[in-house]
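2 protein chains.
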Amino acid sequence: MMGVPGVAARAFSALEHEGISVSIISQASSEHSICIGVTDRAADAAASALATAFAPQIASGEIDGVEVRRGVATIAIVGSGMAGSPGIAARFFTALADARVNVVAIAQGTSELNISVVIDEADAPAAQRAVHAAFGLSKIGGGTGARHEHADVVLLGFGQIGRALTKQIADSGAHRTARIVGIIDRTGYVFNAKGIGLRRVAALAAAKRAGRSLSALADGITAAPLDALRAIAEHHLSRPILVDVTASDSASLLEAAMALGMDVVLANKKPLADERTGPALSAIATTNGRRLMTEATVGAGLPIIDTIQKLQESGDDVLRIEGCPSGTLGYLFGELGRGVPFSTAVLAAKSLGYTEPDPRDDLSGTDVARKALILGRLLGFEGELRDIRVQSLVPASMASLTDAEFLQQLPSLDASWDRRVRAALARGTVLRYRALVTKKRVVVGVVAMDAASSFGVLTGTDNQFAFTTRRYRTNPLVITGAGAGAAVTAAGVLNDILKLAGAR
Amino acid sequence: MMGVPGVAARAFSALEHEGISVSIISQASSEHSICIGVTDRAADAAASALATAFAPQIASGEIDGVEVRRGVATIAIVGSGMAGSPGIAARFFTALADARVNVVAIAQGTSELNISVVIDEADAPAAQRAVHAAFGLSKIGGGTGARHEHADVVLLGFGQIGRALTKQIADSGAHRTARIVGIIDRTGYVFNAKGIGLRRVAALAAAKRAGRSLSALADGITAAPLDALRAIAEHHLSRPILVDVTASDSASLLEAAMALGMDVVLANKKPLADERTGPALSAIATTNGRRLMTEATVGAGLPIIDTIQKLQESGDDVLRIEGCPSGTLGYLFGELGRGVPFSTAVLAAKSLGYTEPDPRDDLSGTDVARKALILGRLLGFEGELRDIRVQSLVPASMASLTDAEFLQQLPSLDASWDRRVRAALARGTVLRYRALVTKKRVVVGVVAMDAASSFGVLTGTDNQFAFTTRRYRTNPLVITGAGAGAAVTAAGVLNDILKLAGAR
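Sequences listed follow chains A and B, in order.
Everything in the first sequence is counted per our numbering, starting at 959 for the first residue and increasing by one.
Everything in the second sequence is counted per our numbering, starting at 959 for the first residue and increasing by one.
See the structure below:
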């Protein structure tokens, strides 16, 4: 093979003589063979033509022979934007390698408009799908060569938390790794595949704060949230993340997002705690190879879920979590401890904006139960919301009253609360509304706790979580701090987003 | 060009006639050109031979012409292990793309022993270096095609923390992502590039616990730590991590490790707090594109440094950290608060193994100052250990006593401590040995703190850290728990290792 041009000339003459057309030619430097691609039908004719042409050299051992490899396919990427773009070949071959496709031969001429690879025919469908996906060819804006280092963020909900989040993304410089491309509200959405500029995001936030809907704005499109999500997902996004900062039953949206290739970050507890959708969400994430991040659903920005995961990944066993995860009820029992009547404390909490419009939504303990269920699932608790013993602070007789009637009758509860608080104090304890979480059982309600313990000195609306583990057994690991509020909740969401954006 | 074989035959005949040898041939499928690589010297002759051979077709417009591209180089990867290995091409082209090298032409024949690419000559040195590094060709065991998903861990130090760490890695299943390949002690090392088996690691741990040195064991090699590190680094490791669980001045070793391409995880405070090496280490990490993880240096397994980083990355500003980061001094002041005399409490701490052999090493406050400095640096404090005001519990007059003399004279301190403790109690406070850390100043010493505060109810050897930030301003974010001990320290180290192993 040392005189390649002579060999090549004779080989191609022989093929021309037989009228055989050639699709791909490859001869790597210093390699003593030439690879020629022909159709399967022409293979035998080509082989015999070459064998005849080189019969003397084969006889003398100068040339080893003619080998035919059947059952192969050629897959090529073609595009005028490829020339001069480093990274196209890397992405192409990485897609093939990830799909475990072996490459038999490769050719790319100097025009750089086409890279052809020969692969086993059986691998062809998988190879085509992998390459198609790698370049986002089924998506709007797909086919570009550059690799994006950032993640594209789609916000579901643009209330207080959503707006705090966009401000934090801008202020912290996080937009360089987490770029906001879409914002969805109940009425419609705003989207820009290249990223919504920080100034435009701030203007949208100002408009929302002033009571306007996204669909009513200049670049707003009217659509139901699911349609908005689907329209956005038609674009070739870079590692897209859907961030749910609503308080709605968004499970079906989240499932759709994961099926469409998005990771999900939640501040919204509802879809997690719902018995129908909660366990399903994790399963769907696993099936789709997506990540579901939930730090902000418990304790807002406090590192609660992350701490549980860190303990578990290092092989520790979280045996028990005691928590006061409600700022509203924390405030209430702090006031009771200071001698404030129950009704006065509830009304104060309401006027400070700590409660829902109907304070019974907080006093029922359901919010605490939801958080306890989310923690319980991380420990292996397999029950549902209905399996949790929840002690409501609203007597059954008052559950069906109107809002006004309830507030009017509140003082009727003062005397009995006063007695309980005094009895607790007499024993050196204080009352707390506590969630107790283990693998086996989750209980939510009022307990008396040592006044000189970390739970005893809890103040204001602070949350507290105490983790008793195999390693933190004598004394638990305790985390305390504000567990509600737009800024700290948004910070918890942003930490999750950056964890996803940083992971390759 | 439709009749490729005819064109090819004529082209190669023309080149053969001129005696021109060809290094690479490439024609991608459906592409209407053939790329032929010849030496620069032969380029003109080749071009004119081809122009002459195809003069009629060029004149008629059937063939566009002959283009010569000069100043190119051919780079090839060659190896008999390449055939049938998906991923070789991907790694090759990813290395070229990362080095921003544009690929002009590609050829790989069906023998799969050689991939040749033509690149601009100016890119050749960078391309060669990048490909060399990607396949670890300068390392023992380099040149393999498979991509490894795991990280290779080298342990520096195999005392209690190191042994707890290896046990946790085995028990938690972390060895699948973090494989122990080397263990270094003062006397030598054990190394296996394919990973030291879990059973062998356990046997090594048992031997060390029994007082034997690594160099004395069957597979132990005698070497100074730096030589051990260099010998290990000669191997082609997968994302190697050096884990320092010594208590020595290891800065020069850590610098060497980072220069050799290793990430570093520390449980060892010394090199970080040293004024000469501390800031240098971060700079060297940045220069070498390496990560330096330090969670276990403060509060052992408690998420202290991670929490600071999370607050900061979400744009919060950590204004002030108050901490009781010494279990020894925490125990001491707990006992004092219960009325135990100072000397009795110190001796009890010593007999429980809470103190160093000479309790003055703890009572001096230097250990707390080191931790405070590490926290301070994260907040932007630019001073050194000597800029920290440290209140020692050892009177100057007792600093130069022998160990025995010091213990004998301890009771002379009891009366004054008793007075201070009683005075504090009378004001509703308790004494704590506290570090106060801000951007501007770091102060370490005894203060009286509200008995009904989180610091006031701190018990046993627990550590506590309170972060006052722009967002956690009314009440700080507080983290409490065991801050020393082999198991929780190892867990902190393992969390850092897994963070590195998980990051791509």
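We put the CB at the ideal spot given by N, CA and C, even for glycine.
- With distances taken between CA atoms, A:C993 lies nearest to A:A969 out of A:A969, A:R999, A:E976, A:P1014.
- Counting of Cβ neighbours within 10 angstroms places A:R1344 among the exposed residues, the total staying below 16.
- With contacts defined by Cβ atoms closer than 8 Å, A:G995 and A:V1076 form a contacting pair.
- In chain B, no part has a C-beta under 7 Å from the C-beta of A:N1421; the shortest such distance is about 10 Å.
- Counting only Cβ-Cβ distances below 9 Å, B:A1003 has no contacts in chain A at all, with the closest Cβ about 12 Å away.
- Taking the CA atoms as reference points, B:L1095 sits about 5 Å from B:G1101.
- Under the 10 Å beta carbon count, B:K1398 is surrounded by fewer than 16 other beta carbons and is classified as exposed.
- Residues of chain A with a Cβ closer than 8 Å to the Cβ of B:F1012 do not exist, since the nearest Cβ in that chain sits about 14 Å away.
- From the listed residues A:E1342, A:I1142, A:R1170, A:L1195, the smallest Cα separation to A:D1185 is found for A:I1142.
- The residue among A:G1042, A:A1001, A:F1012 with its C-alpha nearest the C-alpha of A:G1029 is A:A1001.
- For A:T1447, same chain residues with a beta-carbon under 7 Å away, outside a window of 5 residues either side, are I1119, A1225, A1254, A1258, G1259 in chain order.
- Within chain B, no C-beta atom comes less than 9 Å from the C-beta of A:N1226; the nearest is roughly 19 Å away.
- Relative to the Cα of B:S1006, the nearest Cα in the group B:L973, B:L1114, B:D1325 belongs to B:L973.
- When Cβ pairs closer than 8 Å are counted between the two stretches, the segment 1338–1355 of chain A is seen not to touch the segment 1407–1422 of chain A, the count staying below three.
- In the three-state reduction of the DSSP assignment, A:F1051 falls in the helix class, which pools H, G and I.
- By the neighbour-count criterion, in which a residue is buried when 16 or more other Cβ atoms sit within 10 angstroms of its Cβ, B:T1068 is buried.
- Residues of chain B with a Cβ closer than 9 Å to the Cβ of A:D1274 are, in chain order, Q1126, S1130, G1259, A1445, V1446, A1449.
- Taking a 10 Å sphere around the C-beta of B:I1199, we find 16 or more other C-beta atoms and assign the residue as buried.
- By alpha-carbon distance to A:A1055, the top candidate from A:A1080, A:G1236, A:A1085 is A:A1085.
- Here the C-alpha atom of A:D1177 lies approximately 46 Å from the C-alpha atom of A:L1269.
- The DSSP-derived three-state label of A:Q1066 is strand.
- For A:P1434, the chain B residues whose Cβ falls inside 9 Å of its Cβ are T1438, G1439, in order along the chain.
- B:G1297 and B:I1263 have their C-alpha atoms some 35 Å from each other.
- For B:A1410, the closest Cβ of chain A is nearer than 8 Å.
- Along the segment 1002–1059 of chain B, the beta strand (DSSP E) occurs as fully enclosed runs of 3 or more residues at 1030–1036, listed in sequence order.
- If the five residues before and after A:S1173 are omitted, its C-beta is found closer than 6 Å to the C-beta atoms of T1145, G1146, T1180, all from its own chain and listed in chain order.
- Counting every other CB atom within 10 Å of its CB across the protein chains shown gives B:S1038 a total below 16, marking it as exposed.
- Among the bridge pairs identified by DSSP, B:L1389 is matched with B:A1406.
- Distance from the Cα of B:T1396 is smallest, within the candidate group B:D1078, B:V1203, B:L1277, B:I1046, for B:L1277.
- The shortest CA-to-CA distance from B:D1454 to any of B:A1440, B:R1249, B:R1377 is the one to B:R1249.
- B:V1404 and B:Y1289 have their C-alpha atoms some 14 Å from each other.
- Taking C-beta separations shorter than 7 Å and ignoring five residues to either side along the sequence, the partners of B:I1127 in its chain run H1133, A1136, I1138, L1452, following chain order.
- A:R1429 reaches chain B at G1259, A1440, G1443, A1445, V1446, A1449, counting residues in chain order whose Cβ is nearer than 9 Å.
- Contact note: B:A1031 does not reach chain A at a C-beta cutoff of 7 Å; the least C-beta distance is about 10 Å.
- In the three-state DSSP reduction, B:Q1349 falls in the coil class, being neither helix nor strand.
- Remark: C-beta atoms of A:A1011 and B:A1065 do not approach each other more closely than 8 Å.
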